[in-house]
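For the sequence shown, the positions run -18 to -1, 1 to 82 when mature numbering (1 follows the signal peptide of the UniProt record, and there is no 0) is used.
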Amino acid sequence: MAAFNLTLLLSTLTLTASRSAASLSTGQHPMAHSTLATQQQPHKRQQQAAGARYYATWTEDAMCSSKLSETFESWEESFGSLEECCEVVFGWAMEDCLRE
């Protein structure tokens, strides 16, 4: 078991070192290949201009609402339009969501 763990550790270190070397030769940041850097985000906050974004409110009077993009927390999901919010979150009640 110890030999397996050592082999796994060495494989991980070798992979990390080779990615870092490749990153240095291409000018990329070594962490660009990390899990966090490759996760899919519902939206790209860094590329958005300031403006209104929509989010699910889950209330009877407004299923989706809007607020300024800079007021969203990093963990909050937001959408570029009311239609997108309604479709993604309330696809089963799209007409009701859009009526608001």
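Ideal Cβ positions, reconstructed from N, Cα and C, are used throughout, including at glycine. Here the structure is a predicted model, which means the values were calculated and not measured.
DSSP state of Ala75, grouped into three classes? As a first step, residue 75 is located in the sequence shown; it is residue number 93 there, counting from the start. The answer is helix: DSSP assigns Ala75 an H, G or I state.
Looking only at its own chain, which residues have a Cβ that is under 8 Å from the Cβ of Tyr37, when we skip the five neighbours before and after it? As a position in the sequence shown, residue 37 is number 55, starting the count at 1. For Tyr37, the CB contacts under 8 Å within the same chain, skipping 5 residues up- and downstream, are Cys46, Ser47, Ser48, Lys49, Phe54, Glu58, Glu59, Ser60, Phe61 and Cys67 in chain order.
Under 9 Å, do Ser51 and Gly33 count as touching if we go by C-beta distance? Translated into the one-based positions of the sequence shown, residue 51 becomes position 69. Translated into the one-based positions of the sequence shown, residue 33 becomes position 51. Taking 9 Å as the cut-off, the beta carbon of Ser51 is found closer than this to the beta carbon of Gly33.
Buried or exposed for Arg81, please, with buried defined as at least 16 other CB atoms from any protein chain shown within 10 angstroms of its CB. Here residue 81 corresponds to residue number 99 of the sequence shown, with the count starting at 1. Exposed, since its Cβ has fewer than 16 Cβ neighbours within 10 Å.
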